[in-house]
Each structure stands twice: as C-alpha cells, then as structure tokens.
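Below is one structure, written out as structure tokens; comments come after it.
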Amino acid sequence: MNVKIGLETHVTLSTKTKLFCSCKKGEVCPICMGFPGVKPRVNKKAVILAIQIAKILNCEIADKLVFDRKSYFYPDLPKGFQITQYHEPIGKNGYFEFEFKGQKRRITITRVNIEEDPAKIIHENIATEKSVLIDFSRSGNPLCEIVTAPELRSPEEAKEYLLALQELLDYYEVIDAHEDAVFRSDANVSIENGERVEIKNITGAEELEKALDYEIKRQSFLLSLGKKVERETRGFDGKVTFTLRKKEEEEDYGYIQEPDILPLNLEELKEEAFKTMKRPIEEEVERIAEIYKINLHFARIIVRKKLTEYFEEAAKYFDDYPTLSKFLVVDFLKCLNYSKKKPNETIKPQEVAKLLKNTNIREAKELIKEMVKEDKTFEEVESERKQKIKQKTIEEVFEEIMKNEKVREAIKQLKKGNKKVENFIIGEMLKQSYYKFTVNQIRKFLEEEIK
Amino acid sequence: MLKQLVEKIKSEEIDVEELVEKKIEEAKKINEELNCFITICEDYARKRAKEIKQKIKKGEATNLKLVGVPFTIKDNILTKGIRTTAGSRILLNYIPPFSATVVERIEREGAIIIGKTSMDEFGFGSFNVNVGVGFKIPKNPNDTSRVCGGSSGGSACATKTLEIPSLAESTGGSISAPSSFCGVVGLTPSYGKVSRFGLIDYASSLDKIGTMALNVEDSFLVYDTIKGFDENDETSRSEERDSELKKKLAIPKEAFDSCEKEIKEKFMGSLKKIGWEYEEVSIPLLKFSIQSYYIIAMAEASTNLARYKGIAFGAQENVEEKNFREYFTKIRSENFGFEAKRRILLGSFVRSVGYKGQYYYKALAIRKKIIEEIEKLFKNFDAFVLPAMPIFPPKIEEALSLSPEKVYALDICTIPWNLCGLPHISIPIKEENYKQLGFEVVCNRFEEEKLKKLSLEFENKLK
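In order, the protein sequences belong to chains A and B. According to numbering that gives the first Met the number 0, the residues represented by the first sequence are 0 to 450, in order. According to numbering that gives the first Met the number 0, the residues represented by the second sequence are 0 to 462, in order.
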C-alpha cells in the first residue's frame, strides 16, 4: 500500500530562559503571560540553537530573522496570537538521513522555524467537568519546528525517523534533554486515493507509531467500503484518532509580520552558531577511532550515545582501548539503559577503568551491573564480593570456577589423569575463594569430585 | 515655561504640595464639565508630592529636570498601581503591576502624575467620540459643544485647561489632531525614538508616544527625558540624525488641497509670517497613504486586541457558555465598543487567506514606497509644513454622524507622517474662538533636533 507521511515535530531548545523574556523555564512573567503593554525580547541563544539545528539538517539558512504572528482563539495563547516564523523560516530545503531496516533513508526537511510554546491546557483532575486549568509556565518556551516532506512510508519508519532525529539533536546538545521536553508531532498522512488527514499533537515516537497505525487502518477500511477519506484535522487519545475539525472549519491563522521585533541580520549569530557547534558526528567518530585505534562501529555508538567524554576519561586510566570501548558499548550501556541513567548520572569513568584493570572480563560484566544500579565504587563492590565469597562452601566456589571454560577443560584433563593441570585448578579455587581454603582441603575436594 | 516652574519648586518658592493640590482641585472641577479624565489619581499624586518635597528638602532633587511638575498621562500608557483602561470597558478595572518606560523616566525626573486622560477606545478615532462602552466623550475646552479631537483628546483638553504637560500617543495622528483642535503644542517623535514598553498596543509598527505642552520648549524638555533606547522594546533606539539647514520648506500638495478654504488661508498667512522660502510638492502616492495606514493599523490592532478575551485579561464573567468560542464571543461582544469591533473585523479580514495579497501585503508595499519617495524629497528642503487638520473642530453630534470613510479621509494631514514614522509637531496658530488650528512641521526621521530648531523659530514668529 502506498502511504505518505509528513511530520511537523516540535522540539524544545536547550536554553536556560524562555524565547521572548528572561524567565527561566517553568517561571512566568508579564511578557510570557501576555500582559497588556509588554513587548517581546528575542533570546539570542535560542536563535543560535535553531541555526545549529538548521545546519545539522543541511538546510539553507536565512539571512534575516523575521517573526510572524499566528492568530487563533484558544485559551492556550495568552496574547491571542503565537509568535512564530511563517514567511521566512530560519532554515529550509534540508534533509535528514537515518537507517531503517538496514537501509539508508534520506528525508527532505522542508523547513525549520522558531516559535514560542503556548500554555498547557490541563483537562485532568478537575473537580467539575466545566473547567480546565491553564498552566502558563510552559508558555513562551523556545521551540523549533522541524517539518518534513511527505516522504515517510510507514508508521514504523516514522517512528525510526523520530528516534534517529532525537538521538542526533541530543548529540549536538541543542534540545532540552529534560523528561518533560518530549518531541511533539503533528502528522500528515494519506494513502493512495485518499485525502490528506492531519493528526495533531502526538507525544513521542511510540505514540506516533500507534496513531499512524490506527489512522492508516481507518483510512484503508473506509476505502475498502468504497467510502471517501475526507480532508480533516484529527486528534489522538492514545488509542484512536478522532475528528477535531473538518476541512471547511479549518482555521485561518491570518499571519502578519510581527511588528514588535525588527528583522535582524543573522550574519553575526550564524558565525557564533557555527563556531560553538559540536563537531559533526562522523568527524568525531573518526577522531576517536583513530586516536584510540578502536573499531569504527564501537566508536560510532560511543559518539551517538554521548559516551565520548566518558570513554576518553576512562581511557586515561585503562589503556586497553579496544576492550574498554567494547565494554562501554556492550555492557555499560546496557546497565545505563536498564537503570534509565545518563553517563553523567552514574559512577565515574575511573571506576570502570579500575574494574577492568582488576578483574577478568567475566567478573567485570557481573560487577558493572551493581556498580551502575547502586552507584557503588569498584572498591565497594569488590569488598562486598570478597565478603560474600568467604561465606561460600567449597562446592559453591567450585561451581563458580566451572563457569570458566578453561577450568572445565582442565577438569576434563584431570579426569583423564593428567595431573599437570591440577595446580592450575587449585590456583583458580584459591583465587576465587580468596584463600579461604587450604591447598590440602582443595586437593581432597578435587579427589572426591573427579571420582 | 516648565523650566522656570521647576526652578521655583526647587527653590521652594512654590510649594509642591500646594501646587499639586491646586491642580487636583482644578482637574476635578473641569472634569465635571469636560470629561477629560478617566481617572484622577489624587491620593497617589498627594503621596508623590510629599515624597518630592522631602527630596527637595534633602537636596536630592537638584539635578532632576521635572521636579514637582504635575503631569497627565493618556490612559493607554501603563501606570503602576493606577487603573489603566485604554478607554475600554474590557480593561475597566485593570491595575497594571508595572509602569511604562516613559512613565518611569518622567517620574525619575520628579514628575507627579495627577490623572489618566480620556481617549478613543484603544486610540480608534480622530475626534475622541469613539469612546468605550460606558465612557464619556471629552469636550473641547474652547467650545463645549465641539469635539476636542482624538484619540489623545483628554490629554489635549487637560493640557489646555490645567496648563500642565501630558504624555500622549499617536498611531495615525492622535497627537496632532487634538493639539490642533484644542490649541496646544503636540510633538510626535520618530517611530522608535521613544520606548513603547508599557503602551497598550493599537498598531505596533505605527504607535508612538509623544508629548503635549503649552509651548515648544516644554515639549522638547519632556521629550528629552523620555527618548532613547530601552531594552524592553527592541524597536526602540537612540539614533539621531542631522542634515544641513536649507531654510526651505515644502507644502505637500495632496494633503493641503483637501483642507477647507479658511484653513488654507489661515495657514498661508502664518507661512508668510515665518518668511522662509517654500514650494509646493506633489506626492501622488500620498492619496494611498490613508488606505495603506488603515489596513496595516487594523490588521495589527486585530491581533493586539486578541488577548482581551476574558481569560487572563479583559472583563471576566461566570461561564455559562458551552465552549471557549462562545465565551470569548460573549465577553468581546459586550465589552468592546462599536469602532473597536469594526477595526477588529476589518483587520481580521484584510489579513485572511485569499484577501491578504489584495490588502495587507499591498498596504505594506505602499508604505515602503511612500517612505522611499519622501526620504528622497527631504534632500531639497528641511521640512514639510501644512495645517495639522483640514477642518476646524466639528460639533460632537456632527462628528458622530460622519461615515467612517469620511472620518478616515480627514486624517490626510497627519497620516502620511505617521505611516512613515516621521517626527512632527503641531504648533497653535493663535486664535480666539473654537477655530483653533495647528501649524504642522514634519522633519525627516530621527531629525528631532532640526525639528526643535525650526519649531522654536516658527513658534516665535507665529505669536
């Protein structure tokens, strides 16, 4: 089936303050509450971040910064209009590449623009059905809207696009990584012989896939019955999409140029944006792969998952870089994901270095779990482990060493009568039990064991 | 002269508390007849007068330029703690939590606000008869059956009768028109020269705060304290320009031609007194300035007024309506006056899909063209001079019965300069009865210094 999906995604820029006032995010003031008489003051940092996004998405960047007023009557707009960019977006005609099912996909980014976030309407937890709450603390947050051409071909691909986009923008530190700052998208979707339907305000990638899945099924069903898919705007409640407005009720936003902000020449801000931008992702990958002589695949994951700094710090204390990189990518990352932590929210890189230095890889894989989960240093987990092992019986210690393939091989040899391997096994038992047992005790145990 | 008054207050020859008390009493008295105030803030004024007196006694007022000067403020300029309505019922009980930059600046210099003056609702008018629902029409102090001009009518009326300066505001002629009708000096600075922070917006790309006073010197004294960049208004700036004095004036033909015969004669008589060389200049595009102005102004106004919908701002009511739209409609229908509704509707129309190209964009293009054309003309002379109004103040009933097109067309003497953001001043040509007329001088953008020089000389010669 021929499906066309286009997305308009809103991301919150990683500024400290709001777009047109000096409020920190979460605060309110007369400007972001739209008091009579206030005027907007453009947050230059937000403009710089938006320029960086436009650059990351390979867009042409505008020479002038121009804002427009988008008017509609709804309680979420304190001024009754939203300051956005309509005629001259800060970026246009770009593209974004990502991998989907092992293939490279290139999606056209038609425009990138800056706008202010409306207030949040809260319908839940209200005593009477008649009222809603309006939370103005979000009002005026700096948003960047990223608009694609209708080139996505399935709900799954749309989801992957969004995840890849999020990962990339996260890498460049241009978007708010705060939990509340999830990506909000409006999706345009049409199937062959049907009209375009817009689904408004879908939160995150998982919801997006669900909403699109439902909508495509709905549209196909209508067509299979010989009915028409009407052009309309729909909402999504987490399960189904529903009509918000029919075509004839569509809003006319009556855009005019924002008269309270004079057009600003972007030359200086562009220069600063490019200067302060993080190194492009592929350059960074090549750089660390080359310096540390590590596998390109691991290097890429390290960079994409924002582990570069962590890796480079740990590498100061542990110079087997291939092992370190593999360990971080495979084991450490798994633990982070499991604990829902970011690299800077857990143990220090030195601890990982110490762990790899002082244990074998098998032990390290076990111990890292606890270190990340419980925020424990290497010394802490190591002494606890010793403590635990001291309480173990000789049988339990044996069981432990039998997890090692070399030991299992040695036991086989011993059973065949090869006495030479006995010392190796005894050595392993001693190490594993922290010399709790004597050589004689172990020898006696082994004789019983191989009978 | 304010300068002398300030010196007398500083030297305590005039007691500031007594002065303020006297002005409050006068204000209350004239307001009964003329309706020039929406609010008289007597308690605030008395408290300020006391503070200022203390300051003078402690020697802290020596360098302040407006010490103890009673002021009136147009009611669309925010005054912290003092009700500010913009002449609209929708803001009937609005008490702003902060003051406009201009208010802060004059208060820093020791000014004392005694009241907020009447205006056309949100500035929507030329005669001050388009007052908000429940507001009173101010009357011309020279003839109470006539209008005092708008939209800053209350300011002109108060300046004339109380003989104290006022902060007023013009979008398309709202300073010149009432100054001309009441017989005071009205100064409209270049767009951007005075911060609009704290001005309740009518049309943001056209609104300008200016002054009204009894003479040119006082006008510029007040202007000098309020001008210049303000970080709270990104369209404001400190830019000043100067050009060589040519001692040559120009009469803009298209505007002059639309004046009444008697106005023309009076004006030409005044021009002779001045004695400078002059020529008539035709600017054919000028006849489109009114359309261009009203389209831009209404388009912007219709967005600026969208915040008054009974949520955070604007009268609030118990909600019985089924949805937001019905609620907004109810609040706005009941609380906006007729002209405000007209401008919101027309403004929404001219920027709507399908009509935007025909109206809004065309209006912007015309504005750009007129600005370019006029900028070129200024190479040949120092200023445009013309009557500030094409007519004498009409009777109130007469003004109320005029069609909007007729009223809009009467703005031809002020709109071109307002559209282009040019500084201009209206100086009274001395008259006995209601037939007051302003001699308007228009200079190039940011040439306020030249405007001052010219108007001081002209004022002298017109006496």
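Backbone N, C-alpha and C define an ideal beta-carbon position, used for all residues, glycine too. These numbers were taken from a predicted model, which means no experiment stands behind them.
- Query: With a cut-off of 8 Å, does the C-beta of B:Val441 fall near any C-beta of chain A?
  - Reply: The beta carbon of B:Val441 does not come within 8 Å of any beta carbon belonging to chain A, so the residue lies off that interface.
- Item | C-beta contact flag for A:Ile77 and B:Ala311 at 8 Å | It should be noted that the sequence gives Pro, not Ile, for residue 77 of chain A. Result yes, Cβ atoms of A:Pro77 and B:Ala311 sit closer than 8 Å.
- Message: Along the chain, where does the alpha helix (DSSP H) containing B:Thr158 start, and where does it finish?
- Response: Gly152 to Leu161 is the extent of the alpha helix (DSSP H) around B:Thr158.
- Name, please, each residue of chain A whose Cβ falls closer than 7 Å to the Cβ of B:Leu198. Near B:Leu198 (Cβ distances below 7 Å), the residues of chain A are Gly36.
- Query: Taking the continuous beta strand (DSSP E) assigned at A:Phe99, which residues delimit it?
  - Reply: For A:Phe99, the enclosing beta strand (DSSP E) has its first and last residue at Gly90 to Phe99.
- Message: Suppose only complete runs of 4+ residues qualify. What are the alpha helix (DSSP H) ranges in the segment 367-407 of chain A, listed by chain order?
- Response: For the alpha helix (DSSP H) assignment, the uninterrupted runs of no fewer than 4 residues enclosed by the segment 367-407 of chain A are, from N- to C-terminal side, 377-389 and 393-400.
- Task: Buried or exposed for A:Tyr337, please, with buried defined as at least 16 other CB atoms from any protein chain shown within 10 angstroms of its CB.
- Result: By the Cβ-count criterion, A:Tyr337 is exposed, with fewer than 16 other Cβ atoms from all chains shown falling within 10 Å of its own Cβ.
- Item | For A:Asn200 and A:Asp185, believed in contact at Cβ under 8 Å, the rounded distance | About 7 Å; that satisfies the 8 Å criterion.
- Message: Using 8 Å for Cβ pairs, my map puts A:Thr109 next to A:Ala148. What's the rounded Cβ distance?
- Response: Indeed they touch by this definition, with Cβ atoms about 5 Å apart.
- Closest to B:Asn303 by CA distance: which of B:Leu205, B:Gly353, B:Val384 and B:Glu371 is it? Per the Cα distances, B:Leu205.
- Task: Check whether the Cβ of B:Phe323 lies closer than 8 Å to any Cβ atom in chain A.
- Result: Using a CB distance cut-off of 8 Å, B:Phe323 counts as an interface residue toward chain A.
- Message: Just to confirm my understanding: we take B:Leu376, look at its own chain, exclude 5 residues before and 5 after, and list those with CB closer than 8 Å. What are they?
- Response: Within its own chain, the residues whose Cβ lies closer than 8 Å to the Cβ of B:Leu376, once the five positions on either side in sequence are excluded, are Ala249, Val280 and Ile282, listed in chain order.
- Task: With 8 Å as the threshold, decide whether the Cβ of A:Val41 is near any Cβ in chain B.
- Result: By this cut-off, A:Val41 is an interface position.
- Query: With 16 as the cutoff for other CB atoms within 10 Å, does B:Gln315 come out buried or exposed?
  - Reply: Exposed, because fewer than 16 other Cβ atoms sit within 10 Å of the Cβ of B:Gln315.
- Message: As a quick exercise: from A:Arg407, A:Lys430 and A:Ser432, pick the residue whose alpha carbon is nearest that of A:Val420.
- Response: The residue with the shortest Cα to Cα distance from A:Val420 is A:Arg407.
- My guess is that A:Phe300 and A:Thr307 are in contact by the Cβ rule of under 8 Å, so how many angstroms apart are they, rounded? Reading off the sequence shown, one finds Ile at residue 300 of chain A, where the question assumed Phe. The pair is not a contact, with the Cβ atoms about 10 Å apart (cut-off 8 Å).
- Query: Taking just the CA atoms, how far does A:Ile280 sit from B:Cys442?
  - Reply: In this structure, the straight-line span from the alpha carbon of B:Cys442 to that of A:Ile280 is close to 56 Å.
- Task: Name, going along the chain, the residues of the segment 71-95 of chain A whose beta-carbon falls closer than 7 Å to a beta-carbon of chain B.
- Result: Listed in sequence order: Phe72, Tyr73, Pro74, Pro77, Lys78, Gly79 and Phe80.
- With distances taken between CB atoms, is the gap from B:Tyr358 to B:Gly171 smaller than 8 Å? Cβ distance not < 8 Å, so B:Tyr358 and B:Gly171 don't count as in contact.
- Query: In chain B, which residues lie less than 8 Å from A:Lys260 when you measure between Cβ atoms?
  - Reply: In the sequence as displayed, the identity of residue 260 of chain A is Ile instead of Lys. Neighbourhood of A:Ile260 in chain B, by CB distance below 8 Å: Glu233 and Thr234, in chain order.
- How about A:Pro141: is its C-beta nearer than 8 Å to some C-beta of chain B? Taking Cβ atoms only, chain B never reaches closer than 8 Å to A:Pro141, which makes this a no.
- Own chain, CB closer than 8 Å to A:Leu429, minus 5 neighbours either side, in chain order: These residues qualify, in order along the chain: Phe436, Val438 and Ile441.
- Decide if the segment 232-245 of chain A is in contact with the segment 203-223 of chain A; the criterion is three or more beta carbon pairs, one per stretch, under 8 Å apart. Short answer: they touch.
- Message: Would A:Phe19 and A:Ile113 qualify as a contact pair, given that the criterion is a beta-carbon distance under 8 Å?
- Response: Contact flag unset, no.
- Task: Find the residues of chain B that neighbour A:Pro29, judging by a C-beta separation of less than 8 Å, and give them in chain order.
- Result: Neighbours of A:Pro29 on chain B, chain order: Pro96 and Phe97.
- Message: What residue range does the alpha helix (DSSP H) around B:Met211 cover?
- Response: Careful: B:Met211 lies outside any alpha helix (DSSP H), inside the beta strand (DSSP E) at Lys207 to Ala212.
- Query: Taking the C-alpha atoms as reference points, what is the distance between B:Glu372 and B:Pro415?
  - Reply: B:Glu372 and B:Pro415 have their C-alpha atoms roughly 12 Å apart.
- Reference A:Lys63, options A:Lys353, A:Leu268 and A:Ile55, closest by Cα: Comparing Cα-Cα distances from A:Lys63 to each of A:Lys353, A:Leu268 and A:Ile55, the minimum goes to A:Leu268.
- Query: Around the C-beta of A:Pro321, are 16 or more other C-beta atoms found within 10 angstroms, so that it is buried, or is it exposed?
  - Reply: By the 10 Å Cβ count, A:Pro321 comes out exposed.
- Got a sec: is the Cβ-Cβ distance from B:Ala296 to anything in chain A below 8 Å? Output row for B:Ala296: interface = no.
- Message: On the DSSP letters alone, give me the boundaries of the alpha helix (DSSP H) that B:Thr328 sits inside.
- Response: Note, B:Thr328: alpha helix (DSSP H), Phe323 to Asn334.
- State the CB to CB distance for the pair B:Ile89 and B:Phe335, rounded to an integer number of angstroms; the pair is presumed to be in contact (CB under 8 Å). B:Ile89 to B:Phe335, Cβ: 6 Å. Contact.
- Reduced DSSP secondary structure (H/G/I, E/B, other) of B:Tyr307: Strand.
- Message: Please list, in chain order, the chain A residues whose beta carbon lies closer than 8 Å to that of B:Ser351.
- Response: Those are Asp251 and Gly253, listed as they occur along chain A.
- N-terminal and C-terminal residue of the beta strand (DSSP E) that A:Glu197 is part of: Run containing A:Glu197: Val196 to Thr202, per the beta strand (DSSP E) assignment.
- Item | Members of the segment 51-72 of chain A that neighbour chain B once the beta carbon cut-off is set at 7 Å | Result list: Arg68, Ser70 and Phe72.
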